[in-house]
Ligand SMILES: Cc1cc2nc3c(=O)[nH]c(=O)nc-3n(C[C@H](O)[C@H](O)[C@H](O)COP(=O)(O)OP(=O)(O)OC[C@H]3O[C@@H](n4cnc5c(N)ncnc54)[C@H](O)[C@@H]3O)c2cc1C
Ligand code: SF4
Ligand code: SF4
């Protein structure tokens with residue numbers, strides 16, 4: 071039984087790919103990213119005339135193989151000590167929202183990501199923002215674009231709970247004339263930080279990284295099931311799909327062929343994400359150590375420490391994870407792009423109790439995978455044992471191991487998956 075990941079195809083076949091797309095950025099001549107509806111966006115070889123050793127650099131940066139904090143990241147001055155072990159490096163926590171009422175209203179939580187990106191374009195001399203927007207041809211799928219102004223940024227506002235591969239277009243950032251912002255899920259940003267070490271020009275051109283918090287990416291089949299439950303007969307006939315936003319957390323809505331949404335049932339966030347989509351998360355998300363963007367300059371999620379009131383305007387929870395991130399947040403506030411207040415560390419813990427439990431389970435999950443010889447990524451300097459020991463009850467500890475053993479068989483994790 072193979073336990074070590076020796077080739078990039080092992081990552082894909084054993085369901086450890088998260089679909090970041092960075093391998094396709096490094097090797098566009100051999101790899102393109104395609105949507106596999108039951109799993110997610112996955113690399114497909116377009117040309118087999120290469121020796122697999124050529125993909126060594128992709129294996130070096132692939133978040134399906136390894137995620138590792140560097141030794142000195144925890145030595146930064148000013149880190150919040152109480153958060154270090156379970157949440158990674160955090161310098162400051164803000165509850166904030168876009169000052170622009172349109173961005174705030176349309177944004178997933180408070181439009182903070184879009185407001186920060188706009189600030190960088192307009193005030194920091196950056197030239198583009200690499201991020202995710204709906205695919206015009208198939209609005210239930212996504213594509214990656216480099217946006218250059220507010221109108222283009224607004225086309226991608228709001229979270230999309232479906233596969234997206236922002237890193238596949240890092241070449242847009244590499245060839246840009248000025249630095250750019252890169253927005254993605256935590257694994258996308260980890261891949262971006264890894265690959266910039268190999269590409270000098272890309273490194274110079276990454277002006278800021280922003281990660282959204284992420285409990286997991288559901289496959290396209292998840293979205294298709296959601297659309298079915300909303301009354302959509304043919305998903306190819308819709309002209310738009312919004313998972314949330316337009317209020318906080320906002321409703322999941324479908325626009326019909328004529329931009330009309332009155333025929334389809336809208337779903338609340340609890341109904342769409344809670345009851346349908348989260349069941350379709352890819353396997354790599356079940357064993358993810360980083361749900362809060364530990365490798366980004368700024369990470370953004372929802373301040374769920376309180377229930378949003380009816381018709382409440384949105385708020386985002388921002389973590390400044392590097393000095394660069396801290397400065398950009400404070401300058402965006404000073405120049406009127408963001409409005410908000412610094413918060414205490416306990417707000418993060420109260421806002422994301424599920425993500426703390428999820429991280430807590432990981433040491434038990436990996437132990438079960440090792441015991442049964444199932445391939446898994448390696449995670450370095452995440453303090454997983456201490457999260458497992460101190461943040462799970464005795465029952466939860468047992469369940470972290472037993473639940474994984476069940477999944478090994480239910481998800482056939484010992485076998486290679488065929489994507490054909
Ligand atoms: C799959 C997923 C799971 C999430 N899980 C959680 C969670 O468990 N807890 C939590 O607090 N928050 C979670 N979030 C983040 C949350 O939904 C908001 O994105 C976050 O609060 C920022 O809101 P905002 O209004 O500031 O962002 P906005 O201003 O609305 O900007 C959102 C940005 O995210 C980009 N984006 C949208 N979808 C994707 C995608 N699939 N992949 C990469 N980039 C994307 C857009 O292009 C846009 O630039 C999740 C987001 C996603 C995409
Ligand atoms: S996780 Fe990213 S780099 Fe690794 S195989 Fe998947 S798409 Fe490629
Ligand atoms: S849960 Fe982790 S692996 Fe899955 S999409 Fe989110 S950041 Fe990536």
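Numbering (my numbering), first residue to last: 71 to 490. For each residue, glycine too, the CB sits at the ideal point set by N, CA and C.
With burial defined as no fewer than 16 other Cβ atoms inside 10 Å of the residue's Cβ, what is the status of residue i: buried or exposed?
i           : result
residue 202 : buried
residue 142 : exposed
residue 254 : buried
residue 104 : exposed
residue 151 : exposed
residue 100 : buried
residue 304 : exposed
residue 344 : exposed
residue 346 : buried
residue 159 : buried
So, with DSSP's three-state summary, where would you put residue i?
i           : result
residue 387 : strand
residue 365 : coil
residue 408 : strand
residue 507 : A query on residue 507 cannot be resolved here, the shown segment of the chain reaching from 71 to 490 and no further.
residue 135 : coil
residue 308 : coil
residue 195 : coil
residue 216 : strand
residue 397 : helix
residue 105 : strand
residue 253 : strand
residue 448 : strand
residue 473 : helix
residue 97  : coil
residue 375 : coil
residue 282 : strand
residue 287 : coil
residue 262 : helix
residue 463 : coil
residue 164 : strand
Please report whether the beta-carbon of residue i lies at a distance below 8 Å from any beta-carbon of chain B.
i           : result
residue 247 : Within the model displayed, chain B is absent; a lone protein chain is all it includes.
On a CA-only basis, which of the options is nearest residue i? Give me that one, please.
i           : options           : result
residue 324 : 287, 459, 313     : 313
residue 473 : 432, 460, 446     : 432
residue 242 : 415, 98, 398, 485 : 98
residue 130 : 159, 261, 322     : 261
residue 170 : 161, 163, 180     : 180
Who are the near neighbours of residue i in its chain, counting only those whose CB is closer than 8 Å to its CB and skipping five residues on each side?
i           : result
residue 301 : 333, 334, 335
residue 369 : 256, 280, 281, 282, 283, 362, 363, 388, 389, 391
residue 85  : 109, 352, 353, 354, 481, 483, 487
Within a Cβ cutoff of 7 Å, which residues of the same chain sit near residue i, ignoring the five residues on either side of it in sequence?
i           : result
residue 223 : 184, 187, 188, 199, 217
residue 327 : 307, 309
residue 138 : 450, 451
residue 83  : 486, 487
Apart from the five residues on each side of it in sequence, which residues of its chain come closer than 6 Å, Cβ to Cβ, to residue i?
i           : result
residue 435 : 357, 470, 474
residue 215 : 203
residue 496 : Because the chain spans 71 through 490 in this model, residue 496 falls outside it and cannot be assessed.
residue 442 : 478
My understanding is that residue i touches residue j, with C-beta atoms under 8 Å, so please give their C-beta distance in whole angstroms.
i           : j           : result
residue 156 : residue 429 : 6 Å
residue 447 : residue 134 : 6 Å
residue 419 : residue 426 : 7 Å
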